[in-house]
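Undergrad: Starting off with a structure, shown below.
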Amino acid sequence: MTLRLSLVIPVYNEEHYIGACLEAVTRQIRLPDEVIVVDNGSTDASRSVIDGFVGRLQMTVLSESRQGAMYARDAGFDAATGEVIGRIDADTLLDPHWCERVEQYIESDPELDAIAGSQFFYELPWKRLQERQRTAALDTYMNTEPSVTDALSGNNMAIRKTAWEKAKPHLVGRADLHEDMDLSMALKKSSALLWYAPRVFADVSARRFRSSRKELLQYGRTMMDTAVAHDDQELVNALKKNKYAIGLNFAILWAIEQNYDPDKDRIVPFFLRKDKKERVSPVAIP
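For the sequence shown, the numbering used here gives the first residue as 215, with consecutive numbering after it.
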């Protein structure tokens with residue numbers, strides 16, 4: 215029996231990204247049965263762009279007045295009518311086979327509760343090098359079988375509706391925490407089975423690293439705060455052990471993005487960019 219697949223996309227001031235995101239959804243080999251876009255109080259032209267896709271997809275647009283990615287996600291998940299809920303961000307560009315592969319994996323194992331897909335950054339400099347690396351990564355991903363994982367990422371994931379309902383009582387549910395980690399840890403507490411499935415592929419923007427240093431540090435702290443809130447000492451210890459490696463990775467990508475102009479596709483020192491715009495992290499929304 216074919217599963218009904220819902221796709222949830224939280225949106226907050228995404229006029230420059232949501233069009234390409236939805237266009238990629240229209241190119242799915244197997245279209246989602248419903249697309250739920252949750253407008254989290256956008257003040258730009260996001261809604262106008264979204265409305266342009268209403269006739270091209272089985273789409274519902276919800277409004278969530280409580281600010282924060284967690285609230286938008288929850289509203290979309292609760293409204294979803296599918297047995298399986300896909301979750302992506304407004305800057306996610308899905309591989310054309312994404313829905314098809316999610317369905318295949320979920321149907322292949324009745325014990326499987328959720329899937330974390332693979333991803334590759336776009337909006338980074340040196341596009342020729344990036345394209346070669348992406349091609350190599352895709353070749354690896356397509357030849358890699360799924361493996362058990364304990365972490366989901368909201369820019370590329372799918373979850374059974376029943377698993378979501380079982381996990382909800384275990385959510386801490388604070389908007390100042392890392393919502394993806396909160397969900398992953400709630401699923402762990404509900405004994406859910408999660409797979410990392412590299413063939414469930416998507417491109418995602420590196421724009422997070424265009425946030426201010428303060429906001430990026432705040433985002434990083436939410437990981438530790440979430441582990442503490444769940445009283446997961448094993449994860450707390452792991453984060454402490456790897457904090458320098460995580461910090462170095464963030465610092466390198468932040469330094470690159472701060473000096474990269476995606477509109478002109480070239481390196482421009484940040485102090486010369488009069489039109490430079492910092493990204494506001496959803497976690498930092500007051």
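Glycine included, every Cβ here is placed at the ideal spot set by N, Cα and C.
Using alpha carbons as the reference points, say which of Asp253, Asn227, Leu271 lies closest to Ala238.
TA: When each option's Cα is compared against that of Ala238, the closest is Leu271.
Undergrad: Helix, strand or coil: how does DSSP classify Asp417 here?
TA: Of the three classes helix, strand and coil, the one that applies to Asp417 here is strand, per DSSP.
Undergrad: Given a cut-off of 8 Å, decide if Ala372 and Gly290 are closer than it, judged by their beta-carbon atoms.
TA: No, the pair does not count as a contact, with Cβ atoms beyond the cut-off.
Undergrad: Identify the continuous beta strand (DSSP E) that holds Arg374 and give its terminal residues.
TA: Per DSSP, Arg374 belongs to the beta strand (DSSP E) from 371-374.
Undergrad: Looking only at its own chain, which residues have a Cβ that is under 6 Å from the Cβ of Tyr231, when we skip the five neighbours before and after it?
TA: Cβ neighbours of Tyr231 beyond the five flanking positions: Ala304, Asp305.
Undergrad: Among the candidates Val386, Asp258, Leu449, whose CA atom is the shortest distance from the CA of Glu228?
TA: That would be Asp258, whose Cα lies nearest to the Cα of Glu228.
Undergrad: I want to see whether chain D comes within less than 8 Å of Leu308, judged by CB atoms only; does it?
TA: Of the chains in the structure shown, none is chain D; there is only one protein chain.
Undergrad: Can you tell me whether DSSP reads Ala452 as helix, strand or coil?
TA: DSSP places Ala452 in helix when its eight states are reduced to three.
Undergrad: Quick check on this structure: which residue in Gly368, Lys402, Pro360, Leu391 has the alpha carbon closest to the alpha carbon of Ala377?
TA: If we check each option's Cα against that of Ala377, Lys402 comes out closest.
Undergrad: If you run the structure through DSSP and keep just helix, strand and coil, what is Arg244?
TA: Coil at Arg244, not helix or strand.
Undergrad: In whole angstroms, what is the alpha-carbon distance linking Pro324 and Ser367?
TA: Going by the C-alpha atoms only, they are around 22 Å apart.
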